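Working notes for the structure below.
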Amino acid sequence: MGYLSCKAESSISTADHHHHRRRPEKEPTEKKPTKKFQEFSYKDLESATNNFSQTKLLGRGSHGLVYKGVLPSGRHVAVKKPSRTTTTAAARTPISGDHSNPNEVDNEIEILSNLHSPRLVNLIGFTKSDHHKDRLLVVEFMSNGTLYDVLHSNSNSRPPPPNWGRRIKLALQTAKAIETLHSSNPPVIHRDIKSANVLIDSNFDAKLGDFGLALRCVDDHKLRSTPPAGTMGYLDPCYLTPDNLSTKTDVFSFGILLLEIISGRKAIDVFYSPPSMLDWAIPLIRRGKFLSIYDPRVVPPKDGSVRKMLAVVAAKCVRTSRERRPVGLVMGILGECIRN
1 MGYLSCKAES SISTADHHHH RRRPEKEPTE KKPTKKFQEF SYKDLESATN NFSQTKLLGR
61 GSHGLVYKGV LPSGRHVAVK KPSRTTTTAA ARTPISGDHS NPNEVDNEIE ILSNLHSPRL
121 VNLIGFTKSD HHKDRLLVVE FMSNGTLYDV LHSNSNSRPP PPNWGRRIKL ALQTAKAIET
181 LHSSNPPVIH RDIKSANVLI DSNFDAKLGD FGLALRCVDD HKLRSTPPAG TMGYLDPCYL
241 TPDNLSTKTD VFSFGILLLE IISGRKAIDV FYSPPSMLDW AIPLIRRGKF LSIYDPRVVP
301 PKDGSVRKML AVVAAKCVRT SRERRPVGLV MGILGECIRN
């Protein structure tokens with residue numbers, strides 16, 4: 001992966017003039033929300049999920065299982081329950097450690113307690129710490145599943161793949177979520193940006209979720225002692241040791257996600273050769289074959305400059321030189337693509 005990322009350098013210099021584009025306005029973010037989070041009893045959430053029934057299972061996250069729950073008020077929520085043995089449907093392959101650690105629940109509570117944004121899957125409440133029972137986390141329920149489902153599901157019950165206007169909108173909303181994390185005080189690094197962690201609400205808007213692996217850039221000892229983690233296919237090849245972690249680690253993962261949105265292909269898919277999104281897409285972008293990477297299931301953007309801009313900005317995000325990976329540039333170009 002590192003080789004192809006390096007090769008991408010020579011092909012993505014053509015759009016450097018976009019650095020001066022006007023950046024979209026940030027969405028409002030409350031760094032210290034005034035609302036108090038609800039404290040649930042374990043029994044409350046057992047009742048809300050029909051005793052964690054398999055029929056209520058929504059999926060698997062970084063630290064366990066996620067269930068749909070209905071509170072006495074009638075509000076639908078997602079309830080996260082730690083599990084010692086779990087992998088996600090989107091092919092989670094941890095590079096070190098056991099990601100089903102109950103401490104990740106506390107980590108997610110700590111991070112979400114200090115962030116609130118329309119682009120994040122926000123915290124509603126949690127249960128008390130209890131040595132005899134897992135601590136449970138309650139977050140917003142996203143009725144349209146994940147971006148992974150939207151892009152890759154073959155189920156007849158799901159709508160057809162989203163058109164380009166909608167895809168660009170979802171990509172822009174995800175980029176805004178990442179900027180919300182990186183511009184917070186202290187900055188937050190998600191460490192697991194991928195389509196399975198982008199949730200789609202009832203209005204078909206994207207929100208970034210699953211903060212079990214996220215780290216706040218405030219505790220230097222914790223940053224330097226936490227082993228690298230993430231999902232293969234999205235993982236920054238520069239992130240080999242704790243010292244290599246930076247906000248640009250998330251930017252790399254977003255670049256893979258943007259290629260996934262553009263192409264409709266999974267980050268790693270053994271049914272294709274090469275199976276790696278990076279190994280397949282970057283050589284085509286280098287040769288200027290932008291149309292070749294677009295999802296054949298839907299009509300591509302009519303404007304050739306838009307097709308090029310999207311491909312080039314994705315390639316910029318996966319550069320080997322982390323300092324040259326864009327952040328604001330991404331939102332500027334995506335915003336311009338929507339306007340066009």
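Using the UniProt record's numbering, the first residue of the sequence shown is number 1, and each one after it goes up by one.
We put the beta carbon where it would ideally sit given N, CA and C, even for glycine.
No experiment lies behind these values; they were computed from the predicted model shown.
Among the options, nearest to residue i - alpha-carbon criterion
{"i": "LYS176", "options": "ASP205, SER157, SER155 and LEU151", "result": "ASP205"}
{"i": "ASP149", "options": "ASP44, PRO160, LYS56 and GLU140", "result": "PRO160"}
{"i": "GLU336", "options": "MET309, LYS316 and SER321", "result": "MET309"}
{"i": "ARG191", "options": "CYS238, LEU147, GLY145 and LYS169", "result": "CYS238"}
{"i": "LEU329", "options": "LEU120, THR320 and VAL312", "result": "VAL312"}
{"i": "CYS317", "options": "ILE338, SER253 and LEU284", "result": "SER253"}
{"i": "LEU57", "options": "LYS128, ARG324, PHE141 and PRO275", "result": "PHE141"}
{"i": "ASN103", "options": "SER113, LEU120 and SER129", "result": "SER129"}
{"i": "GLY212", "options": "LEU45, ASP44, LYS81 and GLU260", "result": "LYS81"}
{"i": "ASN203", "options": "PHE40, ASN144 and LEU223", "result": "ASN144"}
{"i": "residue 342", "options": "ALA267, SER47 and ASP269", "result": "Since the first residue shown for the chain is 1 and the last is 340, residue 342 is missing from the structure and cannot be characterised."}
{"i": "PRO118", "options": "GLY209, SER273 and LEU284", "result": "GLY209"}
{"i": "PRO296", "options": "ARG224, GLY69, PRO162 and LYS194", "result": "PRO162"}
{"i": "PRO227", "options": "VAL218, ASN244 and SER53", "result": "ASN244"}
{"i": "VAL306", "options": "TRP164, SER53 and GLY59", "result": "TRP164"}
{"i": "ILE261", "options": "THR55, SER195 and SER184", "result": "SER195"}
{"i": "GLY125", "options": "VAL139, TYR67, LEU199 and ARG216", "result": "VAL139"}
{"i": "ILE338", "options": "LEU258, LYS169, PHE52 and ASN51", "result": "LYS169"}
{"i": "THR247", "options": "GLY61, ILE189, ARG158 and THR320", "result": "ILE189"}
{"i": "PHE290", "options": "LYS43, ALA315 and ARG158", "result": "ALA315"}
{"i": "VAL251", "options": "LYS266, VAL299, SER321 and ASP220", "result": "SER321"}
{"i": "LYS36", "options": "LEU112, ARG265, ALA229 and GLY288", "result": "LEU112"}
Assigned exposure category for residue i - 16 Cβ within 10 Å defines buried
{"i": "ASN107", "result": "buried"}
{"i": "PRO28", "result": "Note that PRO28 has pLDDT 48, beneath the 50 cutoff, so the model's placement of it is unreliable and the number below is only indicative. With fewer than 16 other Cβ atoms within 10 Å, it is exposed."}
{"i": "GLN38", "result": "exposed"}
{"i": "HIS99", "result": "The predicted model places HIS99 with a pLDDT of 45, which falls under 50 and marks its position as unreliable, so this point remains unresolved."}
{"i": "PRO94", "result": "Here the model assigns PRO94 a pLDDT of 46, short of 50, so the residue's position is not dependable and the matter cannot be decided."}
{"i": "GLN173", "result": "buried"}
{"i": "ARG92", "result": "Note on ARG92: pLDDT 43, under 50, position unreliable in the model; no value is reported."}
{"i": "HIS152", "result": "buried"}
{"i": "ALA214", "result": "buried"}
{"i": "residue 389", "result": "One cannot answer for residue 389 here, as it falls past the ends of the chain, which runs 1 to 340."}
{"i": "TYR234", "result": "buried"}
{"i": "ARG22", "result": "Because ARG22 carries a pLDDT of 47, less than 50, the predicted location of this residue cannot be relied on, and the following value inherits that uncertainty. It is exposed - the Cβ of ARG22 has fewer than 16 other Cβ atoms within 10 Å."}
{"i": "LYS31", "result": "At LYS31 the pLDDT is 44, less than 50, meaning the model places this residue with poor confidence; the figure from the coordinates comes in the next sentence. Counting Cβ neighbours within 10 Å, LYS31 comes out exposed, since fewer than 16 surround it."}
{"i": "ASN154", "result": "exposed"}
{"i": "PRO326", "result": "buried"}
{"i": "VAL218", "result": "exposed"}
{"i": "VAL79", "result": "buried"}
{"i": "ASN156", "result": "exposed"}
{"i": "HIS63", "result": "buried"}
{"i": "TYR272", "result": "exposed"}
{"i": "THR55", "result": "exposed"}
{"i": "ASN197", "result": "buried"}
{"i": "VAL299", "result": "exposed"}
For residue i, the first and last residue of its enclosing beta strand (DSSP E)
{"i": "GLN38", "result": "38-40"}
{"i": "GLY74", "result": "Note, GLY74: premise wrong, no beta strand (DSSP E); not H, not E."}
{"i": "ARG322", "result": "From DSSP, ARG322 is part of no beta strand (DSSP E); its letter is neither H nor E."}
{"i": "GLY59", "result": "57-61"}
Counterpart residues of residue i in DSSP-defined beta bridges
{"i": "LYS80", "result": "VAL66 and LEU137"}
{"i": "ASP130", "result": "LYS133"}
{"i": "GLY125", "result": "GLN38 and VAL138"}
{"i": "ILE189", "result": "LEU215"}
{"i": "SER276", "result": "ILE268"}
Limits of the alpha helix (DSSP H) - the one that residue i falls within
{"i": "LEU310", "result": "304-317"}
{"i": "MET142", "result": "No alpha helix (DSSP H) contains MET142, which DSSP labels as neither H nor E."}
{"i": "PRO300", "result": "No alpha helix (DSSP H) holds PRO300; DSSP gives it neither H nor E."}
{"i": "HIS152", "result": "147-152"}
{"i": "LYS176", "result": "164-182"}
{"i": "ARG339", "result": "328-339"}
> At what residue ranges does the segment 193-250 contain a whole run of the beta strand (DSSP E), taking only runs of 3 or more?
Replying inline: 198-200 and 206-208
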